[in-house]
Amino acid sequence: AVRRAKADYYEERIAAACEKGKRVWDVVAWTKPRSLPTYKSLIHNGQPLVELQDLWRAANATYNAAANRPVDMSFLDDMPTLEERDWLPISTQELRDAVANVSGRSAPGADHMRWPYV
């Protein structure tokens, strides 16, 4: 009974749309323009960021703001210099043990090392 009621309802809507000169697709909501989401837009320097290009400019200005500023490295002069230490050798077996349980289908990590190189 429910299935038949739904079918009758949609048949009536389609028939009404056709009588008004509309297309069949005009009765379904997913073919109509989407309403804008209800969220507060990001603001940078008092201006809303509405375009992707605006967002990139704001991110660049925020995170790279100190890129060209001079850095006073003199604070390193007061740090004591430590003696250089030897790097302990890594055996082939240690390397095999480290990668034995890692997925061979995972994406490269921060070092961009891919499995053919390991």
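Position one of the sequence shown corresponds to residue 295 (this note's numbering), numbered consecutively onward. All residues carry an ideal CB built from backbone N, CA and C; glycine is no exception. Remember, predicted model here, so these are calculated numbers, not experimental data.
In this structure, DSSP gives I308 a helical state, which the three-state scheme calls helix. In the DSSP assignment, R390 falls within the alpha helix (DSSP H) that extends over 386-393.
Note on geometry: alpha-carbon atoms of L346 and L336 lie some 11 Å from one another. For W381, no alpha helix (DSSP H) run applies, since DSSP gives it neither H nor E. Our two residues, V393 and L382, have alpha carbons roughly 19 Å apart in a direct line.
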